[in-house]
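Chemist: Take this structure first; my questions come after.
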């Protein structure tokens with residue numbers, strides 16, 4: 678069955694450093710993948726979408742890569758700030774033609790001043 | 010604030026009672042989704058509407074769960090005979106229809122936190 682794994686439940690980094698979060702998927706090949714941010718007690722907020730034919734996508738301090746050979750997406754936040762502290766969720770669709778999202782458990786990022 | 014609203018924000022009920030949640034999506038969005046999220050987990054898909062048609066339904070959605078979107082605008086999610094295992098955050102999301110095969114972001118509401126005692 679399809680499986681999505683985000684490599685760590687929690688990641689602590691120093692302010693100003695680059696945070697790198699990993700999302701691995703197995704047993705299928707999603708056509709795209711989305712990343713969301715979720716703050717405690719709130720719904721997820723969309724950050725970036727990357728398609729299978731795109732290697733990299735950027736938005737301000739955020740960068741996402743998509744390696745269909747490794748079945749992996751990396752999410753980078755450069756020059757991290759304490760305000761970046763949140764849980765980050767990886768979300769590919771479960772299969773072709775489906776508009777629902779299958780979320781990973783998320784990685785809780787803490788940026789330490 | 011994404012423009013998606015949910016009501017109530019919190020609900021405490023006793024086991025065996027019925028509860029109903031409401032979601033108002035962004036007005037021009039014709040796709041609406043319900044997800045459930047428990048502590049430490051990502052949201053799990055429950056069901057999806059395109060306009061008033063319920064097009065996808067998860068196996069997680071037991072017979073006690075029913076969702077409607079009668080006029081293709083707001084949606085309700087009802088849980089009958091609640092169980093303690095139903096305690097979770099229930100999230101609603103909406104997205105526009107950009108054409109077949111178009112992929113787009115989902116806008117989430119703040120969620121309804123259900124506690125079943």
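Chains as they are written, first to last, in the numbering used here: chain A, 678 to 790; chain B, 10 to 126. All C-beta atoms in this analysis are idealised placements derived from N, C-alpha and C, irrespective of residue type, glycine included.
(1) Counting along the chain, where does the beta strand (DSSP E) carrying residue 10 of chain B start and finish?
(2) If we count the other Cβ atoms within 10 Å of its Cβ and call it buried at 16 or more, is residue 114 of chain B buried or exposed?
(3) I'd like to confirm the pairing. Which residues does DSSP put opposite residue 709 of chain A in its beta bridges?
(4) For residue 57 of chain B, I'd like the list of residues in its chain whose CB is within less than 6 Å of its CB, leaving aside the five on either flank, ordered along the chain.
(5) Go ahead and pull the three-state DSSP assignment for residue 46 of chain B.
(6) Where DSSP assigns a beta bridge to residue 53 of chain B, which residues make up the other side?
(7) Counting contacts by CB-CB distance shorter than 8 Å, is residue 89 of chain B in contact with chain A?
(8) From residue 775 of chain A to residue 709 of chain A, what distance separates their C-alpha atoms?
(9) State yes or no: is the beta carbon of residue 776 of chain A nearer than 8 Å to at least one beta carbon in chain B?
(10) Using a C-beta to C-beta distance shorter than 7 Å, which residues of chain B count as neighbours of residue 786 of chain A?
(11) Beta strand (DSSP E) containing residue 787 of chain A: first to last residue?
(12) Between the segment 680-693 of chain A and chain B, which residues of the former have a C-beta closer than 9 Å to a C-beta of the latter?
(13) Check each candidate in A:681, A:687, A:680, A:699 and name the one with the smallest Cα separation from residue 764 of chain A.
(14) Determine the contact status of residue 690 of chain A and residue 757 of chain A, defining contact as a CB-CB distance below 8 Å.
(15) Secondary structure at residue 102 of chain B, three-state DSSP: helix, strand or coil?
(16) Compute the distance between the beta-carbons of residue 759 of chain A and residue 681 of chain A, then report whether it is under 8 Å.
(17) Name the residue from B:96, B:76, B:14 whose alpha carbon lies nearest to the alpha carbon of residue 23 of chain B.
(18) Step through the CB atoms of chain A and report whether any lies within less than 8 Å of the CB of residue 118 of chain B.
(19) In angstroms, rounded to a whole number, what distance separates the CA positions of residue 20 of chain B and residue 767 of chain A?
(20) Grab me the residues of residue 694 of chain A's own chain with a C-beta within less than 7 Å of its C-beta, minus the 5 sequence neighbours each way, in chain order.
(21) Give me the chain A residues within the contact set of residue 50 of chain B, using Cβ-Cβ distance strictly less than 7 Å, ordered along the chain.
(22) Throw me the rounded Cβ distance for the residue 93 of chain B and residue 73 of chain B pair, which I believe falls under 8 Å.
(23) Is it right to say residue 706 of chain A is buried, meaning 16 or more other beta carbons lie within 10 angstroms of its own, or is it exposed?
(24) Determine, using beta carbons only, whether residue 99 of chain B and residue 121 of chain B come nearer to each other than 8 Å.
(25) Can you name the residues of chain A whose CB is closer than 9 Å to the CB of residue 31 of chain B?
Modeler: For this structure:
(1) As a position in the second chain, residue 10 of chain B is number 1, starting the count at 1. Taken as a continuous stretch (DSSP letters only), residue 10 of chain B belongs to no beta strand (DSSP E), as it is neither H nor E.
(2) The sequence position of residue 114 of chain B within the second chain is 105, counting from 1. Under this definition residue 114 of chain B is a buried residue.
(3) By one-based count along the first chain, residue 709 of chain A stands at place 32. Answer by DSSP bridge pairing, in chain order: A:728.
(4) Reading the second chain from its first residue, position 48 is the one you call residue 57 of chain B. Only 42, 64, 65 meet the Cβ criterion.
(5) Locating residue 46 of chain B in the second chain gives position 37, where the first residue counts as 1. In the structure shown, residue 46 of chain B sits in a strand (DSSP, three-state: E or B).
(6) Here residue 53 of chain B is taken as the residue at index 44 of the second chain, counted from 1. Bridge partners of residue 53 of chain B: B:45.
(7) Position 80 of the second chain, counted from the first residue, corresponds to residue 89 of chain B. Judged by the 8 Å Cβ criterion, residue 89 of chain B is not in contact with chain A.
(8) Locating residue 775 of chain A in the first chain gives position 98, counting from the first residue. Locating residue 709 of chain A in the first chain gives position 32, counting from the first residue. Those two C-alpha atoms are separated by around 11 Å.
(9) As a working note, residue 776 of chain A is residue 99 in the first chain. At a cut-off of 8 Å between beta-carbon atoms, residue 776 of chain A makes contact with chain B.
(10) In the first chain, counting from the first residue as 1, residue 786 of chain A sits at position 109. Those do not exist, as residue 786 of chain A stays about 15 Å from chain B at its closest Cβ, beyond 7 Å.
(11) The residue you call residue 787 of chain A lines up with position 110 of the first chain. 784-789 is the span of the beta strand (DSSP E), which, as asked, contains residue 787 of chain A.
(12) 681, 683, 686
(13) As a first step, residue 764 of chain A must be located in the first chain, where it is residue number 87. Selected option, being the one with the closest Cα: A:687.
(14) Against the first chain, residue 690 of chain A aligns to sequence position 13. Against the first chain, residue 757 of chain A aligns to sequence position 80. Yes, the Cβ-Cβ distance between residue 690 of chain A and residue 757 of chain A is below 8 Å.
(15) For this step, residue 102 of chain B is matched to residue 93 along the second chain. In this structure, residue 102 of chain B counts as strand in the three-state DSSP scheme.
(16) Looking up residue 759 of chain A in the first chain gives position 82. Looking up residue 681 of chain A in the first chain gives position 4. The answer is no: Cβ separation not under 8 Å.
(17) As a working mapping, residue 23 of chain B is identified with position 14 in the second chain. Nearest option by C-alpha distance: B:96.
(18) What you label residue 118 of chain B is simply residue 109 of the second chain in a count that begins at 1. By the rule that beta-carbons nearer than 8 Å mark a contact, residue 118 of chain B touches chain A.
(19) To locate residue 20 of chain B, count along the second chain from 1; it is residue 11. To locate residue 767 of chain A, count along the first chain from 1; it is residue 90. The straight-line gap from Cα to Cα measures roughly 28 Å.
(20) Position 17 of the first chain holds residue 694 of chain A. The residues are 757.
(21) The residue you call residue 50 of chain B lines up with position 41 of the second chain. By Cβ distance, chain A contributes 782.
(22) Taking the second chain and counting its residues from 1, one reaches residue 93 of chain B at position 84. Taking the second chain and counting its residues from 1, one reaches residue 73 of chain B at position 64. Taking 8 Å as the upper bound for CB-CB distance, residue 93 of chain B and residue 73 of chain B are not in contact here, some 13 Å apart.
(23) What you label residue 706 of chain A is simply residue 29 of the first chain in a count that begins at 1. Classification for residue 706 of chain A: exposed.
(24) Along the second chain, read from residue 1 onward, the residue named residue 99 of chain B stands at position 90. Along the second chain, read from residue 1 onward, the residue named residue 121 of chain B stands at position 112. Cβ distance < 8 Å, so residue 99 of chain B and residue 121 of chain B count as in contact.
(25) By 1-based counting over the second chain, the position of residue 31 of chain B is 22. Within chain A, no residue comes near residue 31 of chain B; the closest Cβ sits about 15 Å away, beyond 9 Å.
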